[in-house]
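Single-structure report; data block below.
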Amino acid sequence: MALHARRLPSLLATLAAALAGAVTLARPAAGAGEACAGSGAAPCPYVSASLVGQRAEGVVRFPEAVALDPNGYVYVADQLSYVVQKWTAQGTFVNEWGSYGGGHGQFGPIAGLAVDAAGNVYVVDSSHNRIEKFDSSDRYLMSWGHKGSALGDFSFGSSQDYTKPPGGGIAVAGEYVYVADSGNNRIERFNLEGQFPIQFGSGGDAPGQMRYPRAVAANGAEVVVSDDDHRVQVFDPNGGYIGQTGSAGSGPGQFGFTYGVAIDAAGNIYVADDLGHRVVKLGPQLQFLGAWGGFGSKPGQLAFPRALASDPAGDTYVADTANDRIEVFDPNGAFLRTLGISGRGVGELTAPRGLAIDPAGRLLAADTDGNRVEVYAPSGEDLIEQWTLSGGSRSSLFYPAGIAVDPAGAVYVSDNQGTRVVRYWGDGTYLGEIGGPAQAGGAQLTGARSVAVAPATHELWVADTGHNRVLLYGPEGSLLRRIGAGEGNGAAGGGLGAFNRPAAVATNAAGDAYVADTANDRIVVIAPAGEVIGQWGVRGGGDGRLRGPNGVAVDAAGTVYVLDGENNRVQAFTPSGSLVSKWGLRGTGLGEFSQPGAIAVGCEGEVYVADTNNNRIERFQPVSPAGTGCLALSAWPPPLDVPPVLSVALPRSVGVLARRGLALSVACQRGCRILVTGTLTPRRGRGAVRLRSSGRALPKGLAGHVRLSLSARGLGRLKRSLGHRRLLTARVRIVAVGPTGRRVTVSRVYTVAR
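Residue numbers for the sequence shown follow my numbering, so the first one is 29 and each next one is one higher.
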């Protein structure tokens, strides 16, 4: 996992203590003649809706831009929230505007922000290669720019993959707007209405040339530019070259990668050194004045800083990108405060693309860009736990997508970029994987987006999206069938039994699989034996038509809910494909969606939608819910009948006799009871002394303190045996009994000192 487009350093994930918001409302407001958003003239098919997670509202997801206005307000934009957020300088959230898209006031990943003397805000919309301008009340004023290399055009480079940051930077000074046109290796200067452009710079390493300029800062006398060539250059307002500094490295005058730049009132220059994880301060003559930060997540530390802004007093506001926050420093680098809540904080979501509800009613969400599965209480308001670790070919999840729950107790997660399906027990215990680079005797997976379990047979269906096929596995993980992509059932395309980018799969009570054949704009029904028994769907936006269906779920009555992705709506069908109801529009309100990525039906019949580009989940209560009924929380999953898994550590190996015993730290992965015994023996001596045994219960996953003490008589014996020697051998035996009565014995030998 990495943040830089050309290098792959490790990413430090930060977990801020911010719970997911849940808001329950009545039927949302809709257009004229609609009972709820997108339902048309028909009655609204749901009676209430609620949200899990926050679209923004102070949550930051890989911040790439920060700017200050004349009144001291702080504007922040990031790669994956598609909004501009506004704070006071002290960190109080004020408001936000924007959403994902290409319309007025909409954005893709935002690469730069700037504010003019009147308080107007300029936004670099990297996806659409344009600048959007707003007044101080957030009203859209105008935009300019298109994709291209002609004067006035831009080539910013954009991505919704956080490992590939967008290009483009912007600054305003006086009557000019300066734009770092990254892909065209130049700076373009406009007036405040985007007119009369000039350009300076060209591709190369020579003075005055640029190599993918990342950011620009300006005042009335100079323009400062950073680029991917580890340097900072200074120009006059007309583009005349003045000077430069920088080379690759971490010393004075060197940079890892130069991203954001800012100028204070005294003419000092501040540089966000991305791979150096620091801010570098330069004087007006480009002389090195100091640096601060350092890799980490503690206050004052940084992880891949991307942008910064300086106020007149020289305080710097730094986009601490990988930590999802803005940090504020004084002119000498002393840490002052933090703004923002991390999008990878507890209970928050970034681009969720998988959903499931377990038999107890808990919501499982694949927080795709957070590389984790989050488990919420049945109410959806409280996060119970999160799963990040696994085993097999990878020790952690990598872009998890689809989730499926086996009523018998297993949970399957399609680990999209990990090219595998990970199998957990319902309590989060890793059990194994299907696929993966080392899989023998099966089928390799590419971009598998979705999984589903047949409740009666416990067979697993996998939408192997990148291979244009659907796979069926037995409960033990053996490959039973391959359907589509020339596997004996047709080739990629639109024919019967063939698929083109199948993105989702769901099963009914009989074990039939409903496949969202995304690029063919249809639903295909497959019997457990592998034959195609039905299909429906025609491309379009009318009732019953589909554009890019990418989610499917089936309730207890057999109603098939299809997530009509490009139409940003849900449509419900009978098992044979007749339209029952619909709802949803593109937008940010309740009942509206932005590029939704998954759908699921709960045990009480609620419908959940992963509203991917709004970074949240929407939950709907149908007018006539059809569920199987939820179990008590204590009834699922059943205890996993395997021996306990222990982790044992000796925190301190010196001062054993002074403390009259050993102190161990013991954790049991699924919870267990333990009995610990042990002995101490002088090294190269005789006479083992028995320690007093200790027993206790250990809760799931939490380490417990266990003390094995020495009697007064045993202590005296050891002292006499040791003489002037210091070292002893400690032998420890731990017997653990799990919830089902299975037991395991673990022995450890340590060298300790008196």
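Virtual Cβ for every residue (Gly too), placed ideally from N, Cα, C.
| query | result |
| --- | --- |
| Compare the Cα-Cα distances from Ala93 to each of Gly361, Arg451, Ala290 and Ser177 and report the closest residue. | Ala290 |
| Please report the straight-line C-alpha distance between Arg372 and Ala384, rounded to a whole angstrom. | 20 Å |
| Which residue spans inside the stretch 467-548 form an unbroken alpha helix (DSSP H) run of at least 4? | none |
| Please list the terminal residues of the continuous alpha helix (DSSP H) segment that includes Arg748. | Ala740 to Leu750 |
| Select from Asp443, Tyr74, Ser127 and Val684 the residue whose C-alpha is nearest the C-alpha of Gly463. | Asp443 |
| Look at the alpha carbon of Ser278 and the alpha carbon of Tyr345, and state the distance between them as a whole number of angstroms. | 22 Å |
| Does the stretch 699-709 come within contact of the stretch 749-763, defined as at least 3 CB pairs closer than 8 Å? | yes |
| Who are the Cβ neighbours of Phe426 in its own chain at under 8 Å, not counting the five residues just before and after it? | Met29, Asn399, Asp443, Asn444, Gln445 and Gly446 |
| Hey, quick one: how far does the alpha helix (DSSP H) through Arg687 stretch, first residue to last? | Val684 to Arg687 |
| Could you tell me which uninterrupted beta strand (DSSP E) segments, each at least 3 residues in length, are contained entirely in the stretch 232-277, listed from first to last along the chain? | 241-246, 251-255, 259-263 and 269-273 |
| To the nearest angstrom, how far is it from the Cα of Arg753 to the Cα of Cys696? | 36 Å |
| Give the range of the beta strand (DSSP E) segment to which Lys161 is assigned. | Arg158 to Phe162 |
| Return the chain-ordered list of same chain residues with a C-beta closer than 6 Å to the C-beta of Val262, the five sequence neighbours on each side being excluded. | Glu250, Val252, Ile270 and Gly271 |
| When we look at the beta-carbon of Ala541 and count the other beta-carbons within 10 Å, is it buried (16 or more) or exposed? | buried |
| To the nearest whole angstrom, what separates the beta carbons of Gly140 and His156, a pair I think is in contact under 8 Å? | Their Cβ separation, rounded to whole angstroms, is 14 Å, which puts Gly140 and His156 out of contact at 8 Å. |
| Measuring only the C-alpha atoms, how far is Val433 from Asn642? | 25 Å |
| May I ask you to report which of helix, strand or coil DSSP gives Val51? | In this prediction, Val51 has a pLDDT of 37, which is less than 50 and means its spatial position is unreliable; nothing more can be read from the coordinates. |
| Taking C-alpha atoms, which residue in Ala654, Ile198 and Trp611 lies nearest to Cys631? | Ala654 |
| Report the partner residues of Arg353 according to the DSSP bridge assignment. | Asp348 |
| Find the nearest neighbour of Lys114 within the set Leu303, Pro406 and Ala142, judged by alpha-carbon distance. | Ala142 |
| For Ser418, does the three-state DSSP call read helix, strand or coil? | coil |
| Compare the beta carbon distance of Val765 and Arg701 with 8 Å and say whether it is the shorter of the two. | yes |
| Please confirm if the stretch 525-533 is in contact with the stretch 487-503, defined as three or more CB-CB distances below 8 Å between the two stretches. | yes |
| Where does Ala57 sit, in a helix, a strand or coil, going by DSSP? | Confidence is the limiting factor: at Ala57 the pLDDT is only 47, short of 50, which leaves the residue's position unreliable, though a coordinate-based value still follows. Looking at Ala57 - three-state DSSP - the assignment turns out to be coil, as it is neither helix nor strand. |
| Taking all protein chains shown into account, decide if Val51 is buried (16 or more other Cβ within 10 angstroms of its Cβ) or exposed. | With a pLDDT of only 37 at Val51, under the threshold of 50, the placement of this residue in the model should not be trusted; the figure read from the coordinates follows. Per the 10 Å Cβ criterion, exposed. |
| Using a threshold of 8 Å, state whether the C-beta atoms of Asp292 and Gly248 are closer than that. | no |
| State yes or no: is the C-beta of Ser749 nearer than 7 Å to some heavy atom of the ligand ZN? | Only the bare structure without any ligand can be found here, which leaves the ligand ZN out of the picture. |
| Is the separation between the beta-carbon of Ala537 and that of Pro483 shorter than 8 Å? | yes |
| Using a Cβ-Cβ cutoff of less than 6 Å, which residues in the same chain neighbour Asp669 once the five nearest sequence positions on both sides are dropped? | Thr768 |
| So, Pro380 versus Ala394, is the Cβ gap smaller than 8 Å? | yes |
| Use the C-beta contact count for Ala208: other C-beta atoms within 10 angstroms, 16 or more gives buried, fewer gives exposed. | buried |
| Please list, in chain order, all residues of the same chain as Gly475 whose beta carbon is under 7 Å from its beta carbon, the five residues on each side excluded. | Asn444, Thr493 and Gly494 |
| Considering only residues of the same chain and omitting the five flanking positions on each side of Phe316, which have a CB-CB separation below 6 Å? | Pro280 and Gly281 |
| Could you tell me the distance, in whole angstroms, from the CA atom of Pro575 to the CA atom of Ala731? | Position check: residue 575 holds Arg in this sequence, whereas Pro was assumed. Near 50 Å, if we compare the C-alpha coordinates of Ala731 and Arg575. |
| Can you tell me whether DSSP reads Gln649 as helix, strand or coil? | strand |
| What residue range does the beta strand (DSSP E) around Tyr636 cover? | Val635 to Asp639 |
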